[in-house]
Each structure stands twice: as C-alpha cells, then as structure tokens.
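Asker:
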Amino acid sequence: MLRKATTLSSLLPFSFANINIPPPQIFFSQRNVVGLVNLKPAVPGHVLICPRRHVQRIKDLEASETIELWLGMAEVQRMIEEKYQV
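The sequence shown begins at 1131 in my numbering and counts up one residue at a time.
1) Look up Leu1191 in the DSSP assignment and give the residues it is bridged to.
2) Reducing DSSP to helix, strand and coil, say where Thr1196 ends up.
3) When the Cβ atoms of the stretch 1149-1156 are set against those of the stretch 1182-1190, are three or more pairs found closer than 8 Å?
4) Buried or exposed: Glu1211, going by 16 or more other Cβ atoms within 10 Å of its Cβ?
5) Exposed or buried, what is Val1163 when buried is set at 16 or more other beta-carbons lying within 10 Å of its beta-carbon?
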C-alpha cells in the first residue's frame, strides 16, 4: 500500500538540488524518501523518487537510507503499474 504524505509538516521543507519543491508535487513521503510528480514527464507515470538527505552520490547514503529508497521505488512502481495497467 502506498504511504502518502498526509500532513504539510511531513512534506516540508524539501528541495531537489537547489529547487524548493511545493507540497502539491509531493505524492509519497517516508522518513528518508520523497516521491515527486515530474512536471515534464517523459511518459505517463514518470515520477522522481529521491532520498531526503542531500548527497553527492547514492553510495554516500547510509545503509538504512539506501534500503528505504529501493523499497520506496518498488512501492511506487507497483502503484504506477496498477494505475496505468502496465
């Protein structure tokens, strides 16, 4: 089941690179992971799943952050597959 962000405080603050992300663009929120609606999607269902903590490379994440990132991606993928019947 997709764990949606339910409160404004669970969404803020979040930025991707140097861009502040408005709360309506965040559709998925966990302790270490955020899902963002892509404003210029390449295909229907194209979204971004990001770690909350800013790091230069994925290898810089803690093990728990890496696990949560991959589990979050799998959860969002299941949701998108269901929505778009793919």
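Even for Gly, the Cβ is constructed at its ideal location relative to N, Cα and C. Note that the coordinates shown come from a computational prediction; the quantities given were computed from them, not determined experimentally.
Answerer: With the given structure in hand:
1) Beta bridge pairing from DSSP links Leu1191 with no other residue.
2) Helix.
3) The stretch 1149-1156 vs the stretch 1182-1190: no contact.
4) When all chains shown are included, Glu1211 counts as exposed.
5) Val1163 comes out buried.
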